[in-house]
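Just below is one structure, and these are the notes that go with it.
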Amino acid sequence: MAKRLLMGNEAFAHAALEAGVRVVAGYPGTPSSELIETVAKLHADGAARGIHVEWSTNEKSALELLAGASYTGARCLFTCKQVGLNVASDALMSLNYVGVKGGMVLFVADDPGPISSQTEQDTRRFASFAKLPVFDPATPDQGFAMMQAAFDLSERYRTPVIVRPTTRINHASTFFDVADATEARPVPKEGFERDPKWVIFPRRAYQAHGEINERLAAIAHDLADEPALAAFNPMFDGGREESGSARAASATSDSACTAPSDAESAGAAVPSADSGTQTNVSRETFAAAPRLGIVAGGVSAAYAREALRMVEARAAASGAEMPAYRFWQVGTPYPFPEETAARFVEGLDEVLVLEELDHVLEDALLVHAGRTHSSYEVRGRLAGDARDRGENDVDDIAQRIARFLGIPDAVAPANALAAYAAEDDPLPVRPPVLCAGCPHRGSFYAVKRALGKTPAVLCGDIGCYTLGNAMPLDAVDTCLCMGAGITMAQGFAVAEPHKKTLAFVGDSTFFASGLPGIVNAVYNGHDITVCVLDNATTAMTGSQPHPGTGQTLMGPKREPISIQRVLEAVGFGCIVHADPLDLDASVAAAREALDYEGPSAILFESPCVQLVKPAEPAAVSVEICTGCKKCITEIGCPAIGFDADARGPRSKERGQAFVDASLCNGCGLCTQVCPFDALRVPPACQPVEPADTAASRSARPRRADEGSRAEAPHAFASPSISGTAETLADVDGPAAVSREASSDAGSIKDVGRAAAADGSAAAEGGSHA
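This is the structure:
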């Protein structure tokens, strides 16, 4: 064993490996991505033996693969973010009816805020909908223990089990004692055994539904009664001074995350907020039984415990009397531990519920009150006593707890900003933008230039390129969910045929969820243009590989799946290529695709800036710049700023643009936008592509109905792509930075494969989110 500082997701990976997981699969999505990357790294290092790990094409594919492995008796782990569970839901709903053999844990990361998601979906609701047990950790430590318990529970009841952390748990870091090496549990000798239960039919589903209901009741009892599981639902009394016998009975552990010892089993000992010790929850323990209760779930439970310590300390300092209260963390929200709830509400008049996303615990307590005809009042989101959306925090919870306990004056303002008037000194707005040098910027700009004043609808998708909606690009009109842009464009084309309809989709999303829409466009003859933004990686979630890169997490490199060949196979009649960093060539390619009647595609190919070494930054000529700001108002690159105090012979009093060399990666797009040649890239970063490479590019067919067409200049000849030494070239204006157009769809895949060759993804999840 070794003590290591780990991020929550890394710790979850170690926990699963120590539990004997054999097959791990999922799809990248912040805040969940680092788990699979950690497993892949440990496997590559030889520390995780006997496992198979992969990024699957999408979440549905991952879960179905794991279902097959689980039927053999292998322990399996599925990973995704909350919206990814929607993609896997078709398989999941049936899987619970069919059941599993090897332990099956679904690691589903929720994103309150949301910070990097399109919804604040609550997986606890999905667990109830699918009738699956769910664990909801308050800390990474507790999540580590829950992950291991989830595998055991899954195999005991032959049901998938969800572990549902949220962003702050996924990305928090603390120290863990982890095994130096792990060995996957072997598949049982009998392996997969043929049985009618594995085939879902209506009659079998009817029987299985009854079995599900019975096991949920049994699991709810276990969560309240079995010590190892009851430890995830700790409660304690606090407030007014405890009796001497209570102090004497206090345990010394500060952890609500581990199973209680044999001596503690009967009473489910739990921590006190003020002392950090554990005390028995029996009524006889305290001089004055509390009338107020506080319930919290997930990371809100950790916030609430810290807030209670703050409130108690401030109350003591101000001389205010801290009323007695009872606190309960619900770490297993579904099935709801009714027996523990009954013990908790005994003698209480009011209960404050603190949770993020939906009012799941609040609803459960209201149902419990109605079923048992209890008189306690439940206060939470529905009553306006807790935030109804977004993340909770310690300061806000402290204020709410103090009001609930009747001592609001004992707590200072939530923080120094509470009395700060933003209107007196407004902070500058800092919206998210595409990275400096991002090839997507060139793609959007070229399409807008090609369209001119033609009426059009531009459908976006999920990824970095969603940021194309921001000014000045203003190139994304819709964004619904992964892959939806392609099929939404078809709907617009049907309803408004007088407009051009385009869909932007990333290369990873193309494979994950774009293919059905691609086929539908051909099958139903929709006149749309699909713009594939191929940057050779899954950039937004941390540069993970995908089928178009050929790189796998298990090591072997596969032949990259060609997007062009897929489009040709399904019947796209017009497929053109362009390097988005070559403006003229990209505009020409876009016009060609837009002029085609029927499904057409533009493959914009240029690697993500995270995969290539930056070239020399561009520079502004003080003598030439006129201060027109076109470089800023046209493409909105964050590396270009404006100095109103700068003076030049042509700009006079207007000021001048400047390039932040620390941000610029020398892509050269801005040099093609400036109408006065005031922006230039130093010649040292302009390599020349060797003749044999250029010849191989020119041999590639451009359109399915033409065979080939003349090569156009392109703009991504860089040493890391061409593999050649730098060659100096003269730079005399915008035309000189126009470079040869790439027609080789596989060329940037080599960049993606090389960047991912050291095990798995190189960057941390959410680096672009």
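Under numbering that gives the first Met the number 0, think of the first position of the sequence shown as 0, with each following residue one higher.
Where is the CB? At the ideal position from N, CA and C, for every residue including glycine.
Every value quoted in this text rests on a predicted model; they were computed, and no experiment measured them.
Nearest-angstrom Cα separation, counted from residue j out to residue i
i: Thr138; j: Ala10; result: 11 Å
i: Asp594; j: Leu457; result: 16 Å
i: Ala677; j: Ala656; result: 9 Å
i: Val177; j: Ile218; result: 29 Å
i: Pro546; j: Ala494; result: 34 Å
i: Pro616; j: Gly640; result: 14 Å
i: Ala643; j: Glu622; result: 16 Å
i: Pro648; j: Cys669; result: 21 Å
i: Val107; j: Val162; result: 6 Å
i: Ala12; j: Val521; result: 42 Å
i: Ala839; j: Gln141; result: Nothing about residue 839 can be read from this structure; the chain reaches only from 0 to 768.
i: Ser620; j: Pro427; result: 29 Å
i: Gln120; j: Cys437; result: 30 Å
i: Lys556; j: Asp659; result: 38 Å
i: Leu84; j: Val350; result: 32 Å
i: Arg203; j: Val104; result: 24 Å
i: Arg448; j: Arg590; result: 9 Å
i: Val518; j: Met309; result: 59 Å
i: Glu17; j: Gln147; result: 8 Å
i: Gly19; j: Asn169; result: 21 Å
i: Gly626; j: Pro637; result: 17 Å
i: Ile292; j: Asn8; result: Before going on, a small fix: residue 292 reads as Gly here, not Ile. Distance between the alpha carbons of Gly292 and Asn8: 32 Å.
i: Asp109; j: Phe503; result: 26 Å
i: Ala323; j: Pro289; result: 5 Å
Beta strand (DSSP E) segment containing residue i, residue limits
i: Arg123; result: Unbroken run through Arg123 is the alpha helix (DSSP H), 122 to 129; no beta strand (DSSP E).
i: Tyr324; result: 324 to 328
i: Ala24; result: 22 to 25
i: Asp236; result: 234 to 237
i: Lys2; result: 1 to 6
i: Ala538; result: Counting along the chain, Ala538 falls outside any beta strand (DSSP E), and DSSP gives it neither H nor E.
i: Lys499; result: 499 to 505
i: Leu76; result: 75 to 80
Terminal residues of the alpha helix (DSSP H) in which residue i lies
i: Cys669; result: 668 to 672
i: Val310; result: 298 to 317
i: Leu514; result: 514 to 522
i: Val475; result: From DSSP, Val475 is part of no alpha helix (DSSP H); its letter is neither H nor E.
i: Phe491; result: 483 to 494
i: Thr371; result: 359 to 371
i: His773; result: Residue 773 lies beyond the stretch modelled for the chain, which goes from 0 to 768, so this question has no answer here.
i: Met92; result: 83 to 97
Cβ-Cβ distance between residue i and residue j below 7 Å
i: Glu337; j: Pro111; result: no
i: Gly25; j: Cys79; result: yes
i: Gly597; j: Asp526; result: yes
i: Ala410; j: Arg325; result: Note that residue 410 is Val in the sequence shown, not Ala. No, the pair does not count as a contact, with Cβ atoms beyond the cut-off.
i: Ala223; j: Thr339; result: yes
i: Thr465; j: Leu501; result: no
i: Thr540; j: Gly28; result: yes
i: Leu62; j: Ala90; result: yes
i: Val531; j: Ile562; result: yes
i: Ile601; j: Ala587; result: no
i: Phe443; j: Ala474; result: yes
i: Tyr333; j: Ala207; result: no
i: Val82; j: Asn232; result: no
i: Cys463; j: Ala538; result: yes
i: Pro454; j: Lys498; result: yes
i: Phe191; j: Thr71; result: yes
i: Leu360; j: Val377; result: no
i: Val86; j: Glu58; result: yes
Where residue i falls, given that 16 or more other Cβ within 10 Å makes a residue buried
i: Gly405; result: exposed
i: Thr118; result: exposed
i: Val133; result: buried
i: Ile199; result: exposed
i: Pro509; result: According to the sequence displayed, residue 509 carries Phe and not Pro. Per the 10 Å Cβ criterion, buried.
i: Glu578; result: Looking at the sequence itself, residue 578 is Asp, so the reference to Glu does not match. So Asp578 counts as buried.
i: His778; result: Limits of the chain in this structure are 0 at one end and 768 at the other, which puts residue 778 out of reach.
i: Glu189; result: exposed
is_contact[residue i, chain B] using C-beta, thresh 7 Å
i: Pro322; result: You won't find chain B in this structure, because it holds only one protein chain.
Every unbroken alpha helix (DSSP H) within the region 385 to 409, with a cutoff of 4 residues, ordered by chain: 393 to 403
Residue ranges of each alpha helix (DSSP H) within the region 573 to 651, 4 or longer: 582 to 594, 629 to 634
Those runs of the beta strand (DSSP E) which lie wholly inside the region 131 to 210 and span at least 3 residues: 160 to 162, 172 to 177
Ranges of the alpha helix (DSSP H) found wholly within the region 435 to 471, counting only runs of at least 4: 438 to 450
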